[in-house]
Amino acid sequence: MDMEKLDEIALWIGKELVFMSHGEIQVVLKVRDGKVALIEKTKVMKEKPE
Numbered sequence: 105m106d107m108e109k110l111d112e113i114a115l116w117i118g119k120e121l122v123f124m125s126h127g128e129i130q131v132v133l134k135v136r137d138g139k140v141a142l143i144e145k146t147k148v149m150k151e152k153p154e
């Protein structure tokens with residue numbers, strides 16, 4: 105994975121955080137033999153507990 109892909113992931117996280125008031129953002133990366141691969145990126149919006 106090159107720096108351009110890492111920047112793209114960081115921008116995606118930033119965009120999602122702007123509109124999210126409560127929830128989760130999960131990014132799963134796999135590292136093998138010094139190489140990084142994006143496995144999954146998800147956003148889960150949740151209701152804020154009272």
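Just so you know, the sequence shown maps onto residues 105 to 154 in our numbering.
Idealized CB from N, CA, C, for every residue including glycine.
The model shown is predicted, which means the values in this text are computed figures rather than measured ones.
Neighbour flag for alanine 114 against chain B, beta carbons, 8 Å: Protein chain content of the structure displayed is limited to a single chain, and chain B is not contained in it.
Residue from Leu115, Phe123, Asp106, Asp111 with nearest C-alpha to methionine 149: Phe123
Lysine 119 (DSSP reduced to helix, strand or coil): helix
8 Å CB neighbourhood of tryptophan 116 in its chain, flanking five on each side removed: Lys145
Beta-bridge pairing of glutamate 144 - partner residues as DSSP gives them: Val132
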